[in-house]
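This report refers to the structure that appears directly beneath it.
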Amino acid sequence: MIKLLSVAIVAALFLESHQRVPGPEDPDYPKGPEYPEELECWTDWFDRDDPSGSGDWENFSNLYKENPGKICRKPQRIEATTLSGLSVAAAGEVIFKNDVTSGFVCRNVDQPKRKMCSDYRVRFRCHPPFCGEGVCWTDWFDRDNPSGSGDWELLSNLRKENPGKICKNPLHIKVVTTDTMTPATSTGENFFIFNPTQGFVCRNKDQKKGGCRDYKVRFGCPCKN
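The following block contains the structure:
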């Protein structure tokens, strides 16, 4: 009887040790790099929308596209205030989104008594290499026009054709039309490639009506000390 009880206790301890939920001493995944606060920096304030429509939409994805080189890809923190300087808590409004992934959104529909959201501005806290080095922009490049299959401004071709003028690993890309300097993100056209590691491609076949406009590009590189 005593022997059977001992075997049962050992079996129970074995099962418990193999079913234990990982604690702080043995995390499931490694943590990302952490930077001292003195190495971090705040971006400028951004205010891309006002609450006159459905609310104030300061989406991170739109802000990042519309302000190339001015916001890091993975911010550490976000801060939002009203244009008059009130914090979100002080304004006392119901906020739909307020995080570094989504950005900031205040929806009019969420406010009591059909009240409209205040007009907000946001900024983001970034870490190296965004801080310190800064971003230096290249000249504008326009190697192609859309008369063929589209406008192909590939980084690989631009680098070969302009030796020494584009850094090895660009951080950002900025694209505008050649005639009016309209940002590509504001033209309503569809883009096949649009990133700093590959460059920019607008294909005529991807457009709803007509072909692509003619674009020029430049790249944001880490500034040399």
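FYI, in mature numbering (1 follows the signal peptide of the UniProt record, and there is no 0) the residues of the sequence shown are -19 to -1, 1 to 206.
Every residue gets a Cβ at the ideal spot worked out from N, C-alpha and C, and that includes glycine.
The structure displayed is predicted, hence computed values, not measured ones.
Heavy atom of the ligand MG within 7 Å of residue i beta-carbon
i, result
"PHE172", "As for the ligand MG, it is missing from this structure, which has no ligand bound."
Assumed close pair residue i, residue j - CB separation to whole angstroms, cut-off 8 Å
i, j, result
"residue 214", "PRO127", "Any answer about residue 214 is impossible in this case: the structure gives the chain only from -19 up to 206."
"CYS148", "CYS202", "4 Å"
"PRO49", "ILE154", "7 Å"
"LEU121", "VAL182", "Looking at the sequence itself, residue 121 is Trp, so the reference to Leu does not match. About 17 Å separates the two Cβ atoms, so there is no contact after all."
"ARG104", "THR163", "With 8 Å as the limit, ARG104 and THR163 do not qualify as a contact, their Cβ atoms being about 26 Å apart."
"LEU136", "THR178", "7 Å"
"ASP187", "PHE173", "6 Å"
"LYS78", "VAL86", "4 Å"
"LYS168", "THR158", "Note that residue 168 is Thr in the sequence shown, not Lys. Yes, they are in contact, since the Cβ atoms of THR168 and THR158 sit about 7 Å apart, within 8 Å."
"PRO151", "PHE111", "Not confirmed; about 13 Å, so no contact."
"ARG184", "SER130", "6 Å"
Buried or exposed by the 16-neighbour rule on C-beta atoms within 10 Å, applied to residue i
i, result
"ASP125", "buried"
"LEU139", "buried"
"LEU44", "buried"
"GLY34", "exposed"
"ALA70", "exposed"
"LEU32", "It is Pro, not Leu, that sits at residue 32 in the sequence shown. With 16 or more Cβ atoms within 10 Å of its Cβ, PRO32 is classed as buried."
Which residues DSSP lists as bridging residue i, in chain order
i, result
"TRP121", "Bridge partners of TRP121: none, in fact."
"PHE85", "GLU39, ASN79"
Given 8 Å, three or more beta-carbon pairs between the segment 80 to 100 and the segment 24 to 38: yes
Runs of beta strand (DSSP E) lying entirely within the segment 27 to 81, each at least 3 residues, in chain order: Complete beta strand (DSSP E) runs here, min 3: 36 to 40, 58 to 63, 78 to 80.
Alpha helix (DSSP H) runs wholly inside the segment 125 to 183, at least 4 long, in chain order: 136 to 142
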